[in-house]
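Single-structure report; data block below.
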Amino acid sequence: MTDASTRYAFLRSRRWAGIMAVAVIVSLTCAMLGYWQLTRYQGKAEAAALVEANYDSRPVALTELLPTAHATWPENLTWRQVTVTGEYLVPAVVLPQRPIGGSPADHVLAALAVQVEDEEEPWWLLVDRGWYRSDAFGDHTAEQELPEGEVTVTIHLRAAEPPSERDLSGRQVYAINPSQVLDVAAPGADLAGTVVTGAYGVLVEESPTTATPPAPLPRPSADLGNHLSYAFQWWVFALGALVGIVVLARREAIALAGPEVAAVAPSQAGATASYPGTRRPRRRTEADEEDAIIDAQLEAARRARVEVEPGRTGDDQASETSSR
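Structure, rendered in structure tokens:
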């Protein structure tokens, strides 16, 4: 039997080196895509768990979750509720093109000056008051108006976003960042107080409110999507690329070994080998069997006649046979 190292010597060729390199690259790429889908699934699962644990929590005081205005927001407290009292002392700004449920939406952001116990100056807490459908030709001044005087609000707290690098123009911002919102709402103003930099609030309730408030933000979706199944599919593709290269190599080794080795493979697999030029015997029909019986009877009668007439010569028999 041919040595395995000799049979697979073709794997050292430049052609097969390229084929194996492509297979490895494809396998690694599929494995990485599977891992990427897994991380997306894990991120959504963690976010859904936070919503389930904190979204319907009992409202508490702001300082119970944020001991100082500059405290880093703990991720595990996302969506916890607080109730605060304060005033909107600067105009609202707009966060454009932040979709809600697949619909184009603009958000109304406002800084609330909150009176905090044991603090002489207020904390400036950013509040996302809600949204309205994006419409370049519509007038949304009413949705952007703020209540006058002291208001009490209940909000869900979330981590503030990093500042946007886009140029700020008009009364628009491109990130929910408290410092940027105050810079746009009151440019150049010397505001007394401290900005809450690590978190902002999503409005739940507000009293009093305006005649035409923006629509409240919906509860975050708990749908995890198909990321986990996609991850397993990519990993199957990664394994398939490696298995495929093994199958191709074995087939080429059998082909290069010649017809003798190639003929062994079907018999080892239990397959029935077929050979050219060999016809399977045809099954005899009832007509064939009747013809055979008649021929046998005629032959027996001819032999009996020959035995009864022993005096006849061979020439007479031949002439009689030819006359039939």
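Just remember that my numbering sits 88 ahead of the position in the sequence shown, which is counted from 1.
Beta carbons are placed, not taken as given, at the ideal position from N, Cα and C, and that holds for glycine.
Query	Result
Hey, out of V202, R391, Q268, A319, whose CA is closest to W183's CA?	Per the sequence shown, the amino acid found at residue 183 is Leu instead of Trp. Measuring from the Cα of L183, the nearest candidate turns out to be Q268.
In the DSSP assignment, find the alpha helix (DSSP H) that holds R339 and state where it starts and stops.	315-345
Any idea what DSSP makes of A280, helix, strand or coil?	coil
Would you give the residue range spanned by the beta strand (DSSP E) that A232 belongs to?	For the record, residue 232 in the displayed sequence is Gln; it is not Ala. Careful: Q232 lies outside any beta strand (DSSP E), inside the alpha helix (DSSP H) at 229-232.
So what's E163 in DSSP terms, helix, strand or just coil?	helix
Using DSSP with H/G/I as helix, E/B as strand and the rest coil, what is Y96?	coil
Helix, strand or coil for G106, going by three-state DSSP, please let me know.	helix
Flag this pair as yes or no: are the beta carbons of P210 and A273 separated by less than 7 Å?	no
Is the stretch 319-336 touching the stretch 107-123 in the sense that three or more CB pairs, one from each, lie closer than 8 Å?	yes
Taking just the CA atoms, how far does D376 sit from Y96?	56 Å
Please report the distance separating the alpha-carbon of E134 from that of A201.	32 Å
How is the beta strand (DSSP E) around D144 delimited, first residue to last?	Taken as a continuous stretch (DSSP letters only), D144 belongs to no beta strand (DSSP E), as it is neither H nor E.
Inspect the beta-carbon positions of V139 and W161 and report whether they are closer than 7 Å.	no
Check this for me: beta carbons of W219 and A303, under 7 Å apart or not?	yes
Thinking C-beta only, is A111 closer than 7 Å to A329?	yes
Among residues of its own chain, excluding the 5 on either side of L214, which ones have a beta-carbon nearer than 6 Å to its beta-carbon?	A199, P266, V269, Y288
Tell me the DSSP bridge mates of A199?	L214
Below 7 Å between beta carbons: does that hold for T300 and E231?	yes
Between which two residues does the beta strand (DSSP E) containing L183 stretch?	181-183
Can you pull the DSSP bridge partners for H244?	Q169, V290
DSSP three-state call for R188: helix, strand or coil?	First, the amino acid is wrong: residue 188 is Ile here, not Arg. Note: I188 maps to strand in three-state DSSP.
Might you give, ordered along the chain, the residues of its own chain that have their beta carbon closer than 7 Å to the beta carbon of P296, omitting 5 neighbours on each side?	P235, V239
Tell me, which residues are paired with G174 by DSSP?	V202, V239
So, are the CB atoms of L291 and R217 less than 7 Å apart?	yes
Under DSSP, the alpha helix (DSSP H) around V272 begins and ends at which residues?	266-273
Span of the alpha helix (DSSP H) holding T151?	150-153
Between L312 and I188, how many whole angstroms is the CB-CB distance? I'm expecting something under 8 Å.	No, L312 and I188 are not in contact; Cβ-Cβ is about 20 Å, not under 8 Å.
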